[in-house]
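Residues 3 to 296 (my numbering) are what the sequence shown spells out, left to right. Ideal Cβ placement from N, Cα and C applies to all residues, glycine included.
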Amino acid sequence: MEFARYHPAINLLYFTAVLTGTILFRQPVFLCLSYVCAFLYLLKLRGLRALIPGLGLLPLALLYALWYGSYHHFGLTVLGVNFIGNQVTLESFLCGGTWAMVCVAAVLWMGCVHAVFTTDKIVYLLGRVSPHLSLYLSILLRTVPRLNKQRQRIELAQRGIGRGKGQGNIFQRMRNALRRGSILLTWLIEGIVTTSDSMRCRGCSLRGRTAYSLYRFDGRDRSFVIGLCSLICVLLMALLLDQTMIRFAPQVVMMPITPMSCLFYAAWAALCLLPPVLELLGARRFRHLQQAAL
Numbered sequence: 003m004e005f006a007r008y009h010p011a012i013n014l015l016y017f018t019a020v021l022t023g024t025i026l027f028r029q030p031v032f033l034c035l036s037y038v039c040a041f042l043y044l045l046k047l048r049g050l051r052a053l054i055p056g057l058g059l060l061p062l063a064l065l066y067a068l069w070y071g072s073y074h075h076f077g078l079t080v081l082g083v084n085f086i087g088n089q090v091t092l093e094s095f096l097c098g099g100t101w102a103m104v105c106v107a108a109v110l111w112m113g114c115v116h117a118v119f120t121t122d123k124i125v126y127l128l129g130r131v132s133p134h135l136s137l138y139l140s141i142l143l144r145t146v147p148r149l150n151k152q153r154q155r156i157e158l159a160q161r162g163i164g165r166g167k168g169q170g171n172i173f174q175r176m177r178n179a180l181r182r183g184s185i186l187l188t189w190l191i192e193g194i195v196t197t198s199d200s201m202r203c204r205g206c207s208l209r210g211r212t213a214y215s216l217y218r219f220d221g222r223d224r225s226f227v228i229g230l231c232s233l234i235c236v237l238l239m240a241l242l243l244d245q246t247m248i249r250f251a252p253q254v255v256m257m258p259i260t261p262m263s264c265l266f267y268a269a270w271a272a273l274c275l276l277p278p279v280l281e282l283l284g285a286r287r288f289r290h291l292q293q294a295a296l
């Protein structure tokens, strides 16, 4: 069973827990596990397209660590001197790299959130709390892919009459780009007006309006919540015991790795790998039932 087919509240609870842990946990093992698990899950959801953000953000993280180490001077281990004569320390470099990896892992998890959360889930979760906000978000999320498709159509049509992106001299290209932007902006404004009129005719602004949904909280969701809460409790113990933190000034200080630390690492890895493992088990069970039926 795909994780995207679980109850929307389950998806929200899981990604909230994972993103909170990714932002709060500074220990290198937790960060590496978060990055690897997020990259694997994004690879499972989007295929080879996930290689671009998964691997392309690592050089940016390294550049940020170098910049942070060059402009922040704390720590005892001197690596060298930059071009303006300031010392570059190992502690400042590691601190910048830690912050960069937190951002990289969080971006990958947000990519997973974007792939799992659909418009109907957002409307379902926010419909009772703020119906207007859920409606605006659903319209916005629906407009972005439609805007890209319309841009491609405009580009294809303009290329057919000699006004494409790479046709003509530099001044003609600038004029053609402004013309394509004007066409796209006009289409967007007309689409917004049409959508607002349609929603008003459907009674979206009426008080007490309800929304239909097929989501039901069943036994599978309850089992997932029990397992998720158990892992969160273990990670809260790790947070209280300072197993998830690291200090860089004046030197690198972190809790030693013990068998209990390995238990916390395993709990964090299990939490991050819950969705892909569930999907793999569901696919394996489906193949087994399919073979049994044959």
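Beta bridge pairing from DSSP links arginine 249 with Val255. Around the CB of serine 72, 16 or more other CB atoms lie within 10 Å, so the residue is classed as buried. The straight-line gap separating the alpha-carbon atoms of tryptophan 189 and glutamate 4 is approximately 36 Å.
Approximately 19 Å separates the beta-carbon atoms of proline 277 and tyrosine 126; this is outside 8 Å, ruling out the contact. Taken through DSSP and simplified to helix, strand or coil, glutamine 169 comes out as coil. Rounded to whole angstroms, the separation of the alpha carbons of arginine 249 and serine 94 is 11 Å. Judged by beta-carbon spacing, phenylalanine 17 lies within the 8 Å limit of valine 115, meaning their Cβ atoms are closer than that value. With a 10 Å radius around the Cβ and a threshold of 16 neighbouring Cβ atoms, asparagine 171 comes out exposed.
A distance below 8 Å between beta-carbons, with the five flanking residues on each side excluded, links leucine 265 to the following residues of its chain, in chain order: Val236. Comparing alpha carbon positions, the residue from Leu139, Ser263, Leu149 closest to glutamate 192 is Leu149. Judged by beta-carbon spacing, alanine 117 lies within the 8 Å limit of arginine 48, meaning their Cβ atoms are closer than that value. Bridge partners of threonine 120 according to DSSP: none are assigned. Out of Ser36, Ile12, Val109, the CA that lies nearest to the CA of arginine 224 is found in Ile12. Within the same chain, Val90, Leu92 come within 6 Å of leucine 81 by CB-CB distance, once the 5 residues on both sides are set aside. With respect to methionine 112, leucine 33 sits apart: the two C-beta atoms are not nearer than 8 Å. Separation of phenylalanine 173 and leucine 57 (C-alpha to C-alpha, rounded to the nearest whole angstrom) is 38 Å. Non-local C-beta neighbours of alanine 269 in its own chain, meaning closer than 8 Å and more than five positions away in sequence, comprise Leu233, Val236, Leu237, Ala240, ordered along the chain. Note that the C-beta distance between leucine 128 and leucine 143 is not below 8 Å. Assigned with DSSP and collapsed to three states, glutamine 29 falls in coil, not helix or strand. In the three-state reduction of the DSSP assignment, leucine 81 falls in the strand class.
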